[in-house]
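Structure first, then comments.
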Amino acid sequence: MTTEMEFTQQKRKAARATYSKTVIKLQEILAVESPDVDDLEIHLDQLTEKYKDFKTSDEIFLNLLQKKAGITHAEYEKEYELL
Numbered sequence: 001m002t003t004e005m006e007f008t009q010q011k012r013k014a015a016r017a018t019y020s021k022t023v024i025k026l027q028e029i030l031a032v033e034s035p036d037v038d039d040l041e042i043h044l045d046q047l048t049e050k051y052k053d054f055k056t057s058d059e060i061f062l063n064l065l066q067k068k069a070g071i072t073h074a075e076y077e078k079e080y081e082l083l
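Reminder that position 71 of the sequence shown reads as 71 in the UniProt record's numbering, one-by-one numbering, no gaps.
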């Protein structure tokens, strides 16, 4: 049986992979001498959505890690001084 932590790790991994693929696609579009503006806009919108998904997965994973370690978010921020 998959634990909540394992499920969250899998979801985060998938979100990171799709985000990375979208970044690579945008880089390919921008590398062209005259990029298609519509294509660029579509992929930029996709990147924004993928980033939101990745960030949400990351926050859930961090919360689970903090719960597992028995620390609060404030303690985590104090220790690692999140930027």
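Backbone N, C-alpha and C define an ideal beta-carbon position, used for all residues, glycine too.
- Task: Could you round the C-beta distance between residue 67 and residue 19 to whole angstroms and report it? I think they count as a contact, below 8 angstroms.
- Result: Not confirmed; about 25 angstroms, so no contact.
- Task: Tell me whether the beta-carbon of residue 53 lies closer than 8 angstroms to the beta-carbon of residue 15.
- Result: yes
- Item | Between the CA atoms of residue 8 and residue 41 - distance to the nearest angstrom | 30 angstroms
- Message: Rounded to the nearest angstrom, what separates residue 39 and residue 59 at their Cα positions?
- Response: 30 angstroms
- Ordered along the chain, which non-local residues of its own chain (more than five positions away) have a Cβ less than 7 angstroms from that of residue 25? 43
- Own chain residues within Cβ distance below 7 angstroms of residue 23, not counting five before or after: 47
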